[in-house]
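Engineer: Okay, here's the structure, questions in a sec.
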Ligand code: KG4
Ligand code: ZN
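In my numbering, the protein residues as written are 11 to 364.
Structure follows, in structure tokens:
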């Protein structure tokens, strides 16, 4: 089963060919970071124009790397939700054009759920039921995965996604763009006990996340409380007064609080799942999304899963960030179940499970 995956939900134009849902034959990613750096964030119009310029060469390269022709493919899969609508439309239009002209089936894939598949690529099958954690720039969500096509949302962020909080924290500390990996690297040389930032857990039973309080705590610690009221309010200073060591201490303390919130919610979910799900106990933990590349989170997830005797499926680094291999891989279960879409498939800014 050879599936071509296409991914254009945000600022990566990506195409990949995956065999039998797990064997990655090619994984091509054209990143747009240099185009958005000046604005310290993704500019939707710039992103969609860049996707249009790149999508055809990226798809051709994915086929070339795999050593295949269009006629060898069994289906075309595309990430069609959630994301920037103008960006998604480029991938969806390309996928429809290919499916129509080649007379191949088309499969629309939810990008957030596809992140859960990233740890299954180039790996043996996993045991279900599993807990799923997606930690990205747009989402922070916990899932119960009973089977590949049977996924239940347990909790999600009520404000910022964890990756978004990392990016904003990096902006506060004047580290550059994209901020998550830069903050992670700087935190390695910092004292994570230098500042006691809040670990927001919400109500005792909640499986939702919140990261905006942590971000604001860092902002005020670095820049001081705002002076003045309403439109006149101004911060007292910026991060330029900090030494490199002071910045590293802030980064490490922020990271300790952010990762602690994620691990504590996983612990809660593990306790609550038997009540939600009257099946056998959770066997595995699937993790995906850009923040799954984070060094502290990766270490702590290993400790967490060893303690609770779970099999951990952390994606390889090249599958943590947005990519099309996870889209093609996630589509395999739908292919096997004969669940195809039609050429009326549309893009949507919302995820399927909200
Ligand atoms: O999954 P992804 O590529 O895009 C979305 O679907 O959002 O995730 C991108 C996010 C960004 O917020 C980026 O700063 C964050 O992942 N990220 C990291 C690290 N690498 C990427 N955050 C913390 N530590 C990292 N090492
Ligand atoms: Zn993503």
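Ideal Cβ placement from N, Cα and C applies to all residues, glycine included. Source: prediction; values computed, not measured.
Going along the chain, which unbroken runs of the beta strand (DSSP E) with 3 or more residues stay wholly within the segment 53 to 123?
Structural biologist: 85 to 91 and 116 to 120
Engineer: So what does residue 323 bridge to, in DSSP terms?
Structural biologist: 296
Engineer: Thinking just about the alpha-carbon of each residue, which of 143, 195 and 221 is nearest to the one in residue 168?
Structural biologist: 221
Engineer: Count the other CB atoms within 10 Å of the CB of residue 313; is the residue buried (16 or more) or exposed (fewer)?
Structural biologist: exposed
Engineer: Does residue 74 pass the burial test, meaning 16 or more other C-beta atoms within 10 Å, or should it be called exposed?
Structural biologist: Answer is exposed; the Cβ neighbour count stays below 16.
Engineer: Out of 259, 148 and 67, point me to the one whose CA is closest to residue 40's CA.
Structural biologist: When only C-alpha atoms are compared, the closest one is 67.
Engineer: By Cβ distance below 6 Å, which residues in the same chain neighbour residue 236 in space, the five residues on each side in sequence not counted?
Structural biologist: 243 and 245
Engineer: Rounded to the nearest angstrom, what separates residue 38 and residue 20 at their Cα positions?
Structural biologist: 15 Å
Engineer: Could you give the first and the last residue of the continuous alpha helix (DSSP H) run that contains residue 342?
Structural biologist: 335 to 346
Engineer: Bridge partners of residue 219, per DSSP?
Structural biologist: 167
Engineer: What distance in whole Å lies between the Cβ atoms of residue 117 and residue 344, which are believed to be in contact at a cut-off of 8 Å?
Structural biologist: Indeed, because the Cβ distance is near 5 Å, the residues count as touching under 8 Å.
Engineer: Touch check for the segment 106 to 116 and the segment 256 to 273: three-plus C-beta pairs under 8 Å?
Structural biologist: no
Engineer: Output the boundary residues of the beta strand (DSSP E) element that contains residue 37.
Structural biologist: 33 to 41
Engineer: Considering just the uninterrupted stretch of the alpha helix (DSSP H) at residue 314, what are its terminal residues?
Structural biologist: 305 to 317
Engineer: Could you tell me if the beta carbon of residue 329 falls within a distance shorter than 6 Å of some heavy atom in ligand 1?
Structural biologist: No, Cβ of residue 329 sits at least 6 Å from all heavy atoms of ligand 1.
Engineer: Nearest to residue 77 by CA position, among 142, 114, 57 and 35, is which residue?
Structural biologist: 35
Engineer: Who does residue 16 pair with in a DSSP beta bridge?
Structural biologist: 25 and 88
Engineer: Which one of 136, 18, 266 and 250 has the shortest CA to CA distance from residue 368?
Structural biologist: Outside the shown range of the chain, which is 11 to 364, sits residue 368, and nothing can be said about it.
Engineer: Terminal residues of the continuous alpha helix (DSSP H) containing residue 141?
Structural biologist: From DSSP, residue 141 is part of no alpha helix (DSSP H) but of the beta strand (DSSP E) over 140 to 145.
Engineer: On the three-pair Cβ rule with 8 Å, is the segment 200 to 207 touching the segment 153 to 161?
Structural biologist: no
Engineer: Is the beta carbon of residue 146 within less than 6 Å of some heavy atom of ligand 2?
Structural biologist: The beta carbon of residue 146 sits closer than 6 Å to at least one heavy atom of ligand 2.
Engineer: Among residues of its own chain, excluding the 5 on either side of residue 307, which ones have a beta-carbon nearer than 6 Å to its beta-carbon?
Structural biologist: 269
Engineer: Residue 338: which of 166, 84, 163 and 174 sits nearest, CA to CA?
Structural biologist: 84
Engineer: Given a threshold of 16 other Cβ atoms within 10 Å of its Cβ, counted over all protein chains shown, does residue 336 qualify as buried or as exposed?
Structural biologist: buried
Engineer: Shortest alpha-carbon distance to residue 350 belongs to which of 87, 49, 213 and 26?
Structural biologist: 87
Engineer: Drop a sphere of 10 angstroms on the beta-carbon of residue 286, count the other beta-carbons inside from all chains shown, and report buried for 16 or more, exposed for fewer.
Structural biologist: exposed
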